[in-house]
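Participant: For the sequence shown, full-length UniProt numbering assigns the number 1 to the initial residue and increments by one for each residue that follows.
We put the CB at the ideal spot given by N, CA and C, even for glycine.
All figures in this text were calculated on a predicted structure; none of them were measured in a lab.
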Amino acid sequence: MAQASHGTYRIPTAKQSWVGGLELFAAIMMMIVGLFHLIIGLAAILRSSYYVVTDSYIFSYDVTGWGWAHLVLGVLVGATGIALVMGQTWARVVGMIIVGLSALGNFLFIPYQPMWSLLIIAIDVAVIWALAVHMRELPESGKTAE
1 MAQASHGTYR
11 IPTAKQSWVG
21 GLELFAAIMM
31 MIVGLFHLII
41 GLAAILRSSY
51 YVVTDSYIFS
61 YDVTGWGWAH
71 LVLGVLVGAT
81 GIALVMGQTW
91 ARVVGMIIVG
101 LSALGNFLFI
111 PYQPMWSLLI
121 IAIDVAVIWA
131 LAVHMRELPE
141 SGKTAE
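1. Can you look up Pro111 in the DSSP assignment and give me helix, strand or coil?
2. Thinking C-alpha only, which one of Trp68, Gly41, Ala103 is nearest Trp129?
3. According to the neighbour-count rule (16 or more other Cβ atoms, all chains shown, within 10 Å of its Cβ), is Val99 buried or exposed?
4. Just the Cα atoms here: how many angstroms apart are Ile97 and Met115?
5. When you compare the CB positions of Ala44 and Val75, do they come within less than 8 angstroms of one another, or not?
6. Just checking, does the stretch 80-88 make contact with the stretch 105-120 on the three C-beta pairs under 8 angstroms criterion?
7. Go to Gly81, then tell me how far its alpha helix (DSSP H) extends in each direction, as first and last residue.
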């Protein structure tokens with residue numbers, strides 16, 4: 001499908017609009033997940049007795065350590081989401097990597113907050129999918145839309 005051109009503004013096709021909407025969805029969800037990580041991280045750092053720690057979990061770490069990990073993840077995920085909204089092309093690939101780390105971190109955090117962790121993992125998977133669809137739809141360099 002061709003793009004109509006009016007001066008310097010190009011009207012996007014329906015497919016480009018749909019994919020651009022997915023990228024915006026991913027960026028906004030990354031900012032929200034970043035805030036979630038910050039909240040969980042601060043709760044673990046400031047009030048570690050809030051979390052019930054099981055002794056039999058193979059990946060058991062200090063709750064305060066998990067708090068710092070979530071705090072760092074929150075900043076990274078949120079900042080990458082902001083960069084994605086600003087149109088930074090590097091943010092797509094970096095976003096998939098950081099959101100993948102977020103999913104992994106929440107998988108390891110399941111014994112401390114099972115429902116919360118599973119919810120964030122589901123959101124992370126949706127964000128990775130949205131970014132991957134956008135990567136697949138990018139035009140190859142050197143080709144022009146006709």
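Facilitator: Inspection of the coordinates gives the following:
1. coil
2. Ala103
3. buried
4. 23 angstroms
5. no
6. no
7. 63-85
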